[in-house]
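**Q**
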Amino acid sequence: MHEMHKEIEFNSETLELVNRIIKRYPEGRQKSALLPVLHIAQSENNGWLSAEMMDYVATLLNIQPIEVYEVATFYSMFNLQPIGNCVIEVCQTGPCWLNGSEEILAHFQNRLGIKPGETTTDGKFTLKTVECLAACGNAPVIQIGNEYHENLTTRKADELLDKWRSENKNSHANPYL
Amino acid sequence: MAAQILLNNINVPGLANFEVYRKLGGYSSVEKAFKNFTPDEVTAEVKKSGLRGRGGAGFPTGMKWSFIDKSKDNPRYFVCNFDESEPGTFKDRHIGQLNPHQLIEGMILGSFALGAKTSYIYIRGELFYVLKIIEKAIEEAYSRGFLGKDILGSGYSLDLYCHPGGGAYICGEETALIESLEGKRGNPRIKPPFPAIVGLYDCPTVVNNVETIASLPWILNNGADAYAAIGVGNSKGTKLISACGHIKKPGIYEIELGLPVEEFIYSDKFCGGIRNGNKLKAVVAGGSSVPILPAELILKTAKGEPRLMSYESLADGGFESGTMLGSGGFIVMDHTTCIVKNLLTFARFYHHESCGQCSPCREGTGWMEKILHRIEDGHGTMKDIDMLASISKHIEGNTICPLGDAAAWPVASAVRHFRQEFEDHIKLQKCPFSR
Ligand SMILES: Cc1cc2nc3c(=O)[nH]c(=O)nc-3n(C[C@H](O)[C@H](O)[C@H](O)COP(=O)(O)O)c2cc1C
Ligand code: SF4
Ligand code: FES
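Those protein sequence lines, which keep their order, are chains A and B. Count along the first sequence starting at 1, add 7, and that's the number in my numbering. 13 is the number that my numbering gives to position 31 of the second sequence; each next residue is one higher, with no gaps.
(1) Exposed or buried, what is B:Asp207 when buried is set at 16 or more other beta-carbons lying within 10 Å of its beta-carbon?
(2) Over the uninterrupted beta strand (DSSP E) stretch that includes A:Met84, give me the two end residues.
(3) Considering only DSSP beta bridges, list what B:Ala267 is partnered with.
(4) Nearest to B:Ser93 by alpha carbon, out of B:Arg344, B:Lys365, B:Leu140?
(5) Check each residue of the stretch 221 to 237 of chain B: if its Cβ is closer than 8 Å to any Cβ of chain A, include it; give the result in chain order.
(6) Do B:Leu(-3) and B:Asn(-10) come within 8 Å of each other at the CB atom, strictly closer than that value?
(7) Just the Cα atoms here: how many angstroms apart are B:Ile367 and B:Val266?
(8) Specify whether the stretch 54 to 63 of chain A and the stretch 31 to 39 of chain A touch according to this definition: at least 3 beta carbon pairs, one from each stretch, less than 8 Å apart.
(9) Can you list the residues of chain A that B:Asn324 reaches, using a CB-CB cut of under 8 Å?
(10) Given this structure, state the Cα-to-Cα distance separating A:Asn175 from B:Phe110, to the nearest angstrom.
(11) Contact criterion: CB-CB distance below 8 Å. Does A:Arg118 meet it with respect to chain B?
(12) How would you list, in chain order, the residues of chain A whose beta-carbon sits under 9 Å from the beta-carbon of B:Met291?
(13) Could you check if B:Lys221 is buried or exposed, using at least 16 other CB atoms within 10 Å of its CB as the buried criterion?
(14) Any beta carbon from chain A within less than 8 Å of B:His489's own beta carbon?
(15) Using a cut-off of 7 Å between C-beta atoms, extract the partners of B:Ser270 located in chain A.
(16) Report yes or no: is there a C-beta of chain A within less than 8 Å of the C-beta of B:Thr381?
(17) Measuring alpha carbon to alpha carbon, tell me which residue in B:His399, B:Ala390, B:Leu(-12) is nearest B:Glu193.
(18) B:Pro177 touches chain A at which residues, Cβ-Cβ below 7 Å?
(19) Residues of chain A with a CB under 8 Å from the CB of B:His145: which are they?
(20) If distances are taken between C-alpha atoms only, which option among A:Met60, A:Ile95, A:Pro89, A:Asn158 comes closest to A:Cys103?
(21) With a 10 Å radius around its C-beta and 16 neighbouring C-beta atoms as the bar for buried, classify B:Ala95 as buried or exposed.
(22) Is B:Cys337 close to ligand 2? I mean its beta-carbon at under 7 Å from any heavy atom of the ligand.
(23) What are the residues that DSSP puts in a beta bridge with B:Arg34?
(24) Quick check: the Cα distance between B:Phe41 and A:Ser108, rounded to an integer number of angstroms?
(25) Run the proximity test for B:Cys383: is its beta-carbon closer than 7 Å to any non-hydrogen atom belonging to ligand 1?
(26) When you compare the CB of B:Thr71 with every CB in chain A, is at least one pair closer than 8 Å?
(27) Counting C-beta neighbours from all protein chains within 10 Å, is the total for A:Met8 16 or more, i.e. buried, or is it exposed?
(28) For B:Ala15, which residues in the same chain have their Cβ closer than 7 Å to its Cβ, ignoring the five residues on either side in sequence?
(29) Could you tell me which of B:Phe64, B:Lys251, B:Arg330, B:Arg4 sits nearest to B:Glu122, measuring between CA atoms?
(30) So which residues put a beta carbon under 7 Å from any heavy atom of ligand 3, going in chain order?
(31) Whether or not the stretch 392 to 404 of chain B and the stretch 308 to 327 of chain B are in contact is what I'm after, with contact meaning three or more pairs of Cβ atoms, one per stretch, closer than 8 Å; do they touch?
(32) Just verifying my parser: in three-state terms, what is the DSSP assignment at B:Phe64?
(33) Using a Cβ cut-off of 8 Å (strictly closer), state whether A:Tyr63 contacts chain B.
(34) Does B:Phe252 come within less than 8 Å of chain A when only Cβ atoms are used?
(35) Should A:Arg27 be flagged as near chain B, meaning a C-beta pair shorter than 8 Å?
(36) Between which two residues does the beta strand (DSSP E) containing A:Cys103 stretch?
Quick look at the structure:
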């Protein structure tokens, strides 16, 4: 039987963006583009980095796959497992804790019926805890995709859940676009 | 009226727009520098101003620039540290989001002084929406001839790019930042060699904080002496303080260095006092890494003198009774705060953020988190308190980069100043503050 094998390839617009980024670094230093390109790759792959996607990134930058894995596993913004459409990241560091981040986290847990690190069974939401988002003056703070939501209350949290539930969007769009 | 160098125009609508910024005198320092100064004269001016690095360490900026190796004709790099990840610190985001052109103007000055032809702004990945604001401002600067080839006909050319991080506090450490910019894990390098000799792509490199760089245009426009006239002692100029926690008015304030801490906390011009009529209990004055001080020691030094917001005054008393200005992340806690729980969040942070290269940091941060968890949950023993102090001692000074110290100091200082509270947790077998 003929085996279907779908090769990963960015569309021409994305490839153009990648090439523009590579040119920002000196010749022979194209590996420098790895973090920006991984952000793009993750957005092109439903918000997570599969081994196939990382291998593709390695070919784009002309580096070894291991060099990509090393980096992808080091930085907390890269997901190495499939995740929900909407990723809710709750800051839990001191200043946010002083201003009630535990209540916010508990609220999301109750409303979604999941713990940090888990995804709802319908695949809509993933809940995560993160460290200081550099917005402590407006604590408590959460991040959804490229958006910060500050001075969060349980009411605002409910509004956000309703919004993301009703809209058929995902939170991991290409951050450059 | 106190000097405002960084925030004077911050509320002008559309400030992120080139024309608006330019109308307010923006980019005039670049014109002045190209006309009147050689690169070394720019460095000399910055040296004379007394400006010290605003990223946390407070190292004199002009001196750092003068270490750059200009003897070879390999490229040199100027890199902006926009990693802003130190808990309690949220000042650089304010500049990047609302006044990106002032940062770009500073980048041009610094790059010119160092002879860099390509410069990078390394910005934490979570702040992609700020990166896009800066990239738009960079485009504007290119199209108006302030970036790119032969800027203003000076013969000097500069390319400026933004580079996103991937979520790692350690990449704020300058050698980890350089590794990260090269597309690698953020593992700090062993120093020496220092970046000024071997930095990005093995070339001479200076890394400076956003606030440091955004201060440069004012210094060039108004002169080093005018800058040095602001402040007190070896703490020259203004500093952004990001204030948070249990105060009435959290936010970002530009102070003249030397302002009394008491005025900063209680004046309506600044934090406005403690929320809900509560009592001040403790302050972490310079980002999560610096020693915590109880109310009496943050307001007055051990000698009974009023404590000032300056590098020297905050450090007065050393680690026995002092702290540090650090990044200016000013975290205020009222009397309802559990010091152990707050410390636990910091310990978890450092454990999470350790890059894992050095065993004292990799293992010690985990042990401290675990012990603090135990104490907070009511399962601790008196021996745990001494163990915390001992682990922090064994980390301090025994690691490749200062993250180890940064993890140790909050623990050591909390045990030193709030030992009773740890003991109460253990005696009660629960957190005395839990409902
Ligand atoms: C663990 C660690 C994290 C740091 N994070 C930052 C940061 O987020 N931003 C920053 O400007 N400096 C940070 N620094 C300080 C930098 O290493 C460096 O001293 C600074 O960028 C130099 O710039 P400056 O002289 O203008 O302050 C950090 C240092 C350490 C050890
Ligand atoms: S002190 Fe910690 S963060 Fe710094 S190099 Fe060592 S293990 Fe890494
Ligand atoms: S602690 Fe949450 S944004 Fe800083």
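For every residue, glycine included, the Cβ atom is placed at its ideal position computed from N, Cα and C.
**A** Per the coordinate set shown:
(1) Indexing the second sequence from 1 puts residue 207 of chain B at position 225. Looking at its Cβ environment, which holds fewer than 16 other Cβ atoms inside 10 Å, B:Asp207 is exposed.
(2) Taking the first sequence and counting its residues from 1, one reaches residue 84 of chain A at position 77. Neither: A:Met84 is in no beta strand (DSSP E) and is coded neither H nor E.
(3) Position 285 of the second sequence holds residue 267 of chain B. Beta-bridge pairing links B:Ala267 to B:Gly269.
(4) The residue labelled residue 93 of chain B in the question sits at position 111 within the second sequence. Residue B:Leu140 is the option with its Cα nearest to B:Ser93.
(5) If you check each beta-carbon in the stretch 221 to 237 of chain B against every beta-carbon of chain A, the ones closer than 8 Å belong to Ser224, Ala225, Cys226, Gly227, His228, Pro232, Gly233, Ile234.
(6) To locate residue -10 of chain B, count along the second sequence from 1; it is residue 8. To locate residue -3 of chain B, count along the second sequence from 1; it is residue 15. B:Leu(-3) sits away from B:Asn(-10), with the two beta carbons spaced by 8 Å or more.
(7) One-based indexing of the second sequence puts residue 367 of chain B at position 385. One-based indexing of the second sequence puts residue 266 of chain B at position 284. Distance between the alpha carbons of B:Ile367 and B:Val266: 20 Å.
(8) The stretch 54 to 63 of chain A makes no contact with the stretch 31 to 39 of chain A: fewer than 3 CB pairs, one atom from each, lie closer than 8 Å.
(9) Here residue 324 of chain B corresponds to residue number 342 of the second sequence, with the count starting at 1. Listed along chain A are Gly101, Trp104, Leu105, each with a C-beta nearer than 8 Å to that of B:Asn324.
(10) Counting from one through the first sequence, the residue named residue 175 of chain A turns up at place 168. Counting from one through the second sequence, the residue named residue 110 of chain B turns up at place 128. For A:Asn175 and B:Phe110, the distance between alpha carbons rounds to 23 Å.
(11) If you number the first sequence from 1, residue 118 of chain A lands on position 111. Not an interface residue.
(12) As a working mapping, residue 291 of chain B is identified with position 309 in the second sequence. Listed along the chain, the chain A residues whose CB falls inside 9 Å of the CB of B:Met291 amount to none; the nearest CB is some 17 Å away.
(13) Taking the second sequence and counting its residues from 1, the one referred to as residue 221 of chain B is at position 239. Residue burial is scored here from C-beta neighbours: B:Lys221 has at least 16 other C-beta atoms within 10 angstroms and is therefore classed as buried.
(14) Within the shown structure, residues of chain B are numbered from -17 to 417, placing residue 489 of chain B beyond reach of any answer.
(15) Taking the first residue of the second sequence as 1, we reach residue 270 of chain B at position 288. Those are Gly101, listed as they occur along chain A.
(16) Here the question's residue 381 of chain B lines up with position 399 in the second sequence. Taking 8 Å as the threshold, the shortest C-beta distance from B:Thr381 to chain A does not fall below it.
(17) Locating residue 193 of chain B in the second sequence gives position 211, where the first residue counts as 1. With distances taken between CA atoms, B:Glu193 lies nearest to B:Leu(-12) out of B:His399, B:Ala390, B:Leu(-12).
(18) Within the second sequence, the letter at position 195 stands for residue 177 of chain B. For B:Pro177, there are no C-beta contacts with chain A under 7 Å, since the nearest C-beta of that chain is about 16 Å from it.
(19) Residue mapping note: residue 145 of chain B aligns to position 163 of the second sequence, counting from 1. Those are Arg31, Ser39, Leu42, Pro43, listed as they occur along chain A.
(20) Locating residue 103 of chain A in the first sequence gives position 96, where the first residue counts as 1. Checked all of A:Met60, A:Ile95, A:Pro89, A:Asn158; the closest Cα to A:Cys103 is A:Asn158.
(21) Here residue 95 of chain B corresponds to residue number 113 of the second sequence, with the count starting at 1. Within 10 angstroms of the beta-carbon of B:Ala95 lie 16 or more other beta-carbons, which makes it buried.
(22) Counting from 1 along the second sequence, the entry for residue 337 of chain B is found at position 355. Remark: the C-beta of B:Cys337 is in contact range of ligand 2, defined as less than 7 Å to any heavy atom.
(23) Walking along the second sequence from the start, residue 34 of chain B turns up at place 52. The beta-bridge partner set that DSSP reports for B:Arg34 consists of B:Pro42.
(24) Taking the first residue of the second sequence as 1, we reach residue 41 of chain B at position 59. Taking the first residue of the first sequence as 1, we reach residue 108 of chain A at position 101. Just so you know, the alpha carbons of B:Phe41 and A:Ser108 end up roughly 35 Å apart.
(25) Taking the second sequence and counting its residues from 1, the one referred to as residue 383 of chain B is at position 401. Relative to ligand 1, the nearest heavy atom lies less than 7 Å away from the CB of B:Cys383.
(26) As a first step, residue 71 of chain B must be located in the second sequence, where it is residue number 89. Closer than 8 Å to some Cβ of chain A, the Cβ of B:Thr71 qualifies, so yes.
(27) For this step, residue 8 of chain A is matched to residue 1 along the first sequence. At A:Met8, the pLDDT of 45 sits below 50, so the modelled position is not reliable and the matter cannot be decided from this model.
(28) Within the second sequence, residue 15 of chain B is the residue found at index 33, counting from 1. Take B:Ala15, set aside five residues on each side of it, and the residues of its chain with a beta-carbon closer than 7 Å to its own are Val24, Leu91, Phe94, Leu202, in chain order.
(29) For this step, residue 122 of chain B is matched to residue 140 along the second sequence. With distances taken between CA atoms, B:Glu122 lies nearest to B:Arg4 out of B:Phe64, B:Lys251, B:Arg330, B:Arg4.
(30) Those satisfying the condition are, in chain order, A:Cys98, A:Thr100, A:Gly101, A:Pro102, A:Cys103, A:Ser108, A:Cys139, A:Leu140, A:Ala141, A:Ala142, A:Cys143, A:Ala146, A:Pro147, A:Val148, B:Pro69, B:Gly70, B:Phe72.
(31) Enough Cβ pairs lie closer than 8 Å, so yes.
(32) The sequence position of residue 64 of chain B within the second sequence is 82, counting from 1. B:Phe64 falls in the strand class under three-state DSSP.
(33) Taking the first residue of the first sequence as position 1, residue 63 of chain A is located at position 56. Not closer than 8 Å to any Cβ of chain B, the Cβ of A:Tyr63 fails to qualify, so no.
(34) Residue mapping note: residue 252 of chain B aligns to position 270 of the second sequence, counting from 1. No, no contact with chain A.
(35) For the purposes of this step, residue 27 of chain A is taken as residue 20 along the first sequence, with counting starting at 1. Chain B contact via Cβ: absent.
(36) Here residue 103 of chain A corresponds to residue number 96 of the first sequence, with the count starting at 1. Boundaries for A:Cys103: no beta strand (DSSP E) harbours it, while the alpha helix (DSSP H) harbouring it runs 101 to 105, taken from the DSSP string.
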